[in-house]
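Input: a single structure, listed below in structure tokens.
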Amino acid sequence: MKCQHCTDLISLYIDRELEEDKAAQVEEHLAQCEKCQRIYKELKAIVDACGGMEEIEPPAELGGVIKGRIREEKRSAGKAGWRALTVFSAAVLVVILLVTYPVIMDGRHDSSVPNETVRDMAVTQDAMEGIYERAVHPEMVAPVEEAQPAPAYPADVAGEVAQSQEAGVGISGRDYDNAARDINAVHGLQERKIIKSAYVSMETDGFERTIDTITGRVTAAGGYIENSELINDSKKGGLRQANYQLRVPKNIFNQFVQDLNQYGNVLRSSIQGEDITGQYFDVETRVKTLKAQEERVLQLLAKAEKIEDIINIERELSYLRNEIEMLTGTLKNWDNMISYSKVVIDIYEVKSIIPAKGDDTSLSARLKNGFISSIYNLGRALEGILVFIVSALPFILVIVVVVAIVKVILKRRRVVKEE
């Protein structure tokens, strides 16, 4: 028998409530363990001391005193429970207000550039860099098809084929250098190739009028709407917002962005420009060299007689034409992006526009602006709180019913225990 087990049975052993076999095991362990013997002696001494005491009758009024104290403790516990519930409810209300505060106070709008706009700009940049690498450094791009063995050209064209293929894809270094010199000769006479874009965030109390004015101005100038989105947000009191991606001619780009101040309260305006002059003329040079190589391959095709030679030359001719088509499409896309600058506009509808503080820093002006701003924000906050309370009424009623049921159940249990 272990000491812990023996210690647990000592009290029953002293009161002679153990079975004979258990009592024998306890006696055997006590005879061998000094620690358990000491515990046994201490407990035996306490029992013997208590056994010699006289029983004392409690006062007659003790029962009433104890019941009164029990009732007071229950009342205190009930009050403490309601106090805890009140504190918890207040904490929940504060958390809800903190969470809904940005929605309630959404009188001013985030003026940061939308993620979609940033993502579109990044994709455009990556795409142009990939096209540039493919155009200027074709040897770094993995071939689409497996390399075919060099065909056995006729003797009279073998020398021309060898010369045309010394640069990898059929473009000789001489062709590329000549094309580069031709283009660089007029490079300084042409304007730089710059892709411009702008982002504008604005608010207006005449939503439809502002949109009609802006889109009408774009159409009249020869631009067009690339993409548009209209949102009617019921959570913001039915106020609408719109996102427009416009393309405007580059010659009116700067003036158009400046004139947007006339159509509403501009919260943020930013203009970006990307110079792709070097990339543009590199791709243009490669297109010219590819076309020169295409003409030479056509001459080789006219001289070829064997079927195998014709197939191999046509394969390379197809590759050259695909490259020319792809790079020509890239140049056209760049030309469109340069000729028509992109303007992204976020338009937010508001009930009233708060006048900007401007440069007037006098006390009266600051008091006036602060008072107007406070009244506006207070109105928005009260509207948001009212909408929240009305929306939360079903949940509040359910909570009240549950609390009432729990209270009745607890009260009945107290009555049963008292009886």
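Residue numbers (the numbering used here): 1170 to 1588.
For glycine and all other residues, C-beta sits at the position ideal for the given N, C-alpha and C.
Computed from a predicted structure; not experimentally measured.
(message) Quick check: what's the CA-CA separation for glutamate 1552 versus leucine 1566?
(response) Translated into positions along the sequence shown, residue 1552 becomes position 383. Translated into positions along the sequence shown, residue 1566 becomes position 397. About 21 Å.
(message) Suppose you measure from the CA of aspartate 1374 to the CA of isoleucine 1380; what does that come to, to the nearest Å?
(response) By one-based count along the sequence shown, residue 1374 stands at place 205. By one-based count along the sequence shown, residue 1380 stands at place 211. Going by the C-alpha atoms only, they are around 11 Å apart.
(request) Go ahead and label histidine 1198 buried or exposed: buried means 16 or more other beta carbons lie within 10 angstroms of its beta carbon, across all protein chains shown. (result) As a first step, residue 1198 must be located in the sequence shown, where it is residue number 29. So histidine 1198 ends up on the buried side.
(request) Quick one: grab the DSSP three-state call for glycine 1232. (result) Taking the sequence shown and counting its residues from 1, the one referred to as residue 1232 is at position 63. Note: glycine 1232 maps to helix in three-state DSSP.
(message) Here's a check: name, in chain order, each residue in its chain whose Cβ is nearer than 6 Å to the Cβ of serine 1438, leaving out the five neighbours to either side.
(response) Your numbering for residue 1438 matches position 269 in the sequence shown. Within the same chain, serine 1438 has close Cβ partners Val1369.
(message) I'd like the span of the beta strand (DSSP E) that includes methionine 1170, first residue to last.
(response) As a working mapping, residue 1170 is identified with position 1 in the sequence shown. Per DSSP, methionine 1170 belongs to no beta strand (DSSP E) and is neither H nor E.
(message) Within the continuous alpha helix (DSSP H) that includes tyrosine 1589, where are the two ends?
(response) With the chain covering only 1170 through 1588, there is no way to say anything about residue 1589.
(request) With a threshold of 16 other CB atoms inside 10 Å of the CB of phenylalanine 1376, please say whether the residue is buried or exposed. (result) Walking along the sequence shown from the start, residue 1376 turns up at place 207. It is buried - the Cβ of phenylalanine 1376 has at least 16 other Cβ atoms within 10 Å.
(request) Could you pull out every unbroken alpha helix (DSSP H) segment of at least 4 residues lying fully inside the stretch 1356-1418, listed in chain order? (result) 1376-1389
(request) Can you say whether phenylalanine 1564 is buried or exposed, counting buried as having 16 or more other CB atoms within 10 angstroms of its CB? (result) Residue numbering aside, residue 1564 sits at position 395 when the sequence shown is read from its first letter. Under this definition phenylalanine 1564 is an exposed residue.
(request) With DSSP collapsed to three states, give me the class of tyrosine 1545. (result) For the purposes of this step, residue 1545 is taken as residue 376 along the sequence shown, with counting starting at 1. In this structure, tyrosine 1545 counts as helix in the three-state DSSP scheme.
(request) Please state whether DSSP places leucine 1187 in a helix, a strand or coil. (result) Counted from its first residue, the sequence shown places residue 1187 at position 18. Coil, per DSSP.
(request) Could you have a look at tyrosine 1182 and say whether DSSP puts it in helix, strand or coil? (result) In the sequence shown, the residue the question calls residue 1182 occupies position 13. Helix.
(request) Less than 8 Å between the CB atoms is what I'm expecting for isoleucine 1514 and methionine 1371, so what's the real figure, rounded? (result) By 1-based counting over the sequence shown, the position of residue 1514 is 345. By 1-based counting over the sequence shown, the position of residue 1371 is 202. Going by Cβ atoms, the distance from isoleucine 1514 to methionine 1371 rounds to 7 Å, so yes, they are a contact pair.
(message) Nearest by alpha-carbon distance to cysteine 1205: which of Val1556, Ile1364, Glu1241, Cys1172 is it?
(response) Within the sequence shown, the letter at position 36 stands for residue 1205. Selected option, being the one with the closest Cα: Cys1172.
(request) Helix, strand or coil for tyrosine 1432, going by three-state DSSP, please let me know. (result) As a working note, residue 1432 is residue 263 in the sequence shown. Coil at tyrosine 1432, not helix or strand.
(message) Output needed for arginine 1583: all residues of its chain with C-beta closer than 7 Å, excluding positions within five of it in sequence on either side, in chain order.
(response) Within the sequence shown, the letter at position 414 stands for residue 1583. Hits under 7 Å: Lys1243.
(request) Mark phenylalanine 1599 as exposed unless 16 or more other C-beta atoms lie within 10 angstroms of its C-beta, in which case mark it buried. (result) Look at the range of the chain in this structure, 1170 to 1588, and you will see that residue 1599 is not part of it.
(request) Give the single residue among Tyr1449, Lys1362, Val1456, Ala1411 whose Cα lies nearest to the Cα of serine 1510. (result) Here residue 1510 refers to the residue found at position 341 of the sequence shown. For serine 1510, the nearest C-alpha among the options comes from Lys1362.
(message) Cutting at 7 Å between CB atoms, please list the residues of its own chain near isoleucine 1421, excluding the five before and the five after it.
(response) Walking along the sequence shown from the start, residue 1421 turns up at place 252. Counting only Cβ-Cβ distances below 7 Å, and skipping sequence neighbours, we find Ala1390.
(message) Looking at the ligand ADP, does it come within less than 6 Å of valine 1369, judged from the CB to the closest heavy atom?
(response) Because no ligand of any kind appears in the structure shown, any question about the ligand ADP cannot be addressed here.
(request) Would you decide whether alanine 1324 is buried or exposed? Buried here means 16 or more other CB atoms lie within 10 Å of its CB. (result) Residue numbering aside, residue 1324 sits at position 155 when the sequence shown is read from its first letter. With a pLDDT of 46 at alanine 1324, under the threshold of 50, the predicted position of this residue should be treated as unreliable, though the coordinate-derived value follows. That one is exposed.
(request) Rank Tyr1545, Val1452, Leu1562 by C-alpha distance to the C-alpha of glutamate 1492 and give the top, closest one. (result) Here residue 1492 is taken as the residue at index 323 of the sequence shown, counted from 1. Minimum Cα distance to glutamate 1492 is reached at Val1452.
(request) State the Cα-Cα distance for the pair arginine 1619 and aspartate 1217, rounded to the nearest angstrom. (result) Missing from the structure shown is residue 1619; the chain here goes from 1170 to 1588 and no further.
(request) Reducing DSSP to helix, strand and coil, say where arginine 1581 ends up. (result) On the sequence shown, position 412 is the one that residue 1581 refers to. Looking at arginine 1581 - three-state DSSP - the assignment turns out to be helix.
(request) State yes or no: is the C-beta of isoleucine 1364 within less than 7 Å of the C-beta of methionine 1506? (result) By 1-based counting over the sequence shown, the position of residue 1364 is 195. By 1-based counting over the sequence shown, the position of residue 1506 is 337. The answer is yes: Cβ separation under 7 Å.
(request) Check each candidate in Glu1211, Val1426, Ile1476, Glu1196 and name the one with the smallest Cα separation from threonine 1384. (result) Position 215 of the sequence shown, counted from the first residue, corresponds to residue 1384. The shortest Cα separation from threonine 1384 among Glu1211, Val1426, Ile1476, Glu1196 belongs to Val1426.
(request) Within its chain, find whatever has a CB closer than 6 Å to the CB of glutamine 1441; leave out the 5 residues flanking it on each side and keep chain order. (result) Translated into positions along the sequence shown, residue 1441 becomes position 272. So the qualifying residues of the chain are Ser1366.
(request) Express the C-alpha separation of threonine 1454 and glutamate 1335 in angstroms, rounding to a whole number. (result) Your numbering for residue 1335 matches position 166 in the sequence shown. Your numbering for residue 1454 matches position 285 in the sequence shown. The predicted model places glutamate 1335 with a pLDDT of 44, which falls under 50 and marks its position as unreliable; any figure quoted below should be read in that light. The alpha-carbon atoms of glutamate 1335 and threonine 1454 are separated by roughly 18 Å.
(request) For serine 1439, write down the residues that DSSP places opposite it in a beta bridge. (result) Within the sequence shown, the letter at position 270 stands for residue 1439. Serine 1439 pairs with Tyr1368.
(request) Would you list the one or two residues that DSSP bridges to aspartate 1444? (result) Looking up residue 1444 in the sequence shown gives position 275. Bridge partners of aspartate 1444: Ile1363.
(request) Rounded to whole angstroms, what's the CA-CA distance from lysine 1457 to alanine 1411? Just pull it up for me. (result) Taking the sequence shown and counting its residues from 1, the one referred to as residue 1457 is at position 288. Taking the sequence shown and counting its residues from 1, the one referred to as residue 1411 is at position 242. The alpha-carbon atoms of lysine 1457 and alanine 1411 are separated by roughly 44 Å.
(message) Quick check on the burial criterion: 16 or more other C-beta atoms within 10 angstroms. Buried or exposed for alanine 1473?
(response) For the purposes of this step, residue 1473 is identified with residue 304 of the sequence shown, where counting begins at 1. With 16 or more Cβ atoms within 10 Å of its Cβ, alanine 1473 is classed as buried.
(request) Buried or exposed for glutamine 1431, please, with buried defined as at least 16 other CB atoms from any protein chain shown within 10 angstroms of its CB. (result) By one-based count along the sequence shown, residue 1431 stands at place 262. By the 10 Å Cβ count, glutamine 1431 comes out exposed.
(request) Tell me whether lysine 1511 sits in a helix, a strand or coil according to DSSP, three-state version. (result) By one-based count along the sequence shown, residue 1511 stands at place 342. Lysine 1511 falls in the strand class under three-state DSSP.
(message) Less than 7 Å between the beta carbons of valine 1466 and leucine 1486, yes or no?
(response) Looking up residue 1466 in the sequence shown gives position 297. Looking up residue 1486 in the sequence shown gives position 317. Taking 7 Å as the Cβ cut-off, valine 1466 and leucine 1486 qualify as a contacting pair.
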